[in-house]
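Asks: Residues 34 to 259 in our numbering are what the sequence shown lists, from first letter to last.
Every residue, glycine too, gets a C-beta built ideally from N, C-alpha and C.
As the structure is a prediction and not an experimental result, all values here were calculated from the model.
First the structure, which I've put down as structure tokens, then a few questions once you've had a look.
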Amino acid sequence: MALTDDEAARPLIACPICGTLFKARSNKGKLNQRCSRPCSIKARNADKARKDANPLDANAIERFFASVDKSEECWIWRGNKNQRGYGLFHLRDLNVSAHRVSWRIVHGDIPEGLYICHRCDNPSCVNPDHLFPGTPLENAQDMVRKGRHAHPNPSKDYRPKYQKNYMRGSEHVHSKLNESLVWDMRIRHVQGERYADIARSIGIRETTCRQAIVGERWAHVPFPDK
């Protein structure tokens, strides 16, 4: 089977996690360095573990609390933050999540693969009493339970004005998916399920599944918080 121009132009690289050779895709101008979602999750967990392994000495703890505002119930991080509002603390040439540092100061090491979640849903909060460890599944369930997941609202049109005359998603007569199902597919993928397994359980092609999950199709459906 002949390759398309797009596939032929994509470089062949080795996944640093499993060693598989694959055609790298470009994502926002950067090449994807992992061959699959499970490998991306392993890489992300390894990066968190590497950052969490940095020792916290007395000087680091003093620097940390110098950037914390304890005037309210939520202890607000006043230092650098990422685009989603989570605090960033510079520790031994690495930017680490401030709320994870706060948890380590009080409770010690974080088990590998676990998130540190917020009870208060305030990403800038570093109050250890407002934090709890959880798996990716528990984090997603907590997000849905608290209504932070921005689940697609059938009555709301997310499209820009110039697209409102076009059929989209489940409005199309030949659509095999719907907005809620796409949302659930993305949640399952965040939790580590492979495209092939998700596609097989629903009865669709793996390509259709991948396009819906990454947003090449069904882009009007909001993405879950990772």
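Spatial neighbours of K84 within its chain, please: C-beta separation below 6 Å, excluding the five flanking residues on both sides.
Replies: L127 and V129
Asks: Between the C-alpha atoms of L147 and A79, what's the straight-line distance to the nearest angstrom?
Replies: Whole-angstrom Cα-Cα distance: 11 Å.
Asks: Measure the Cβ-Cβ separation of W136 and L164 and say whether it is below 8 Å.
Replies: In this structure, W136 places its C-beta atom within 8 Å of the C-beta atom of L164.
Asks: Starting from C72, trace the alpha helix (DSSP H) both ways and give me its first and last residue.
Replies: R70 to D85
Asks: For a quick check, are the C-beta atoms of I138 and I109 less than 8 Å apart?
Replies: Judged by their CB atoms, I138 and I109 are not nearer to each other than the 8 Å cut-off.
Asks: Apart from the five residues just before and just after A280, which ones in its own chain have a Cβ nearer than 7 Å to its Cβ?
Replies: Residue coverage of the chain in this structure runs from 34 to 259, which leaves residue 280 outside it and unanswerable.
Asks: Taking the straight line between their C-alpha atoms, what separation do you get for A76 and G225?
Replies: 12 Å
Asks: Pick from T241, R219, V223 and W216: whose alpha carbon is nearest that of K209?
Replies: T241
Asks: Cα-Cα, which of C51, E212, I246 and I50 is closest to V223?
Replies: I246
Asks: To the nearest angstrom, report how far apart R192 and A86 are at their CA atoms.
Replies: Any answer about R192 is weak, because its pLDDT of 46 lies below 50 and its placement is not dependable; what the coordinates show is given next. One C-alpha to the other measures close to 44 Å.
Asks: Would you report the Cα separation of H253 and S213, rounded to the nearest angstrom?
Replies: 12 Å
Asks: With C-beta atoms as the reference, is R58 less than 8 Å away from R43?
Replies: yes
Asks: Along the chain, which unbroken stretches of the alpha helix (DSSP H) at least 4 residues long are found entirely within the region 85-129?
Replies: Qualifying alpha helix (DSSP H) stretches, in chain order: 91-99.
Asks: Between the alpha carbons of I74 and G167, how many angstroms are there, rounded?
Replies: About 15 Å.
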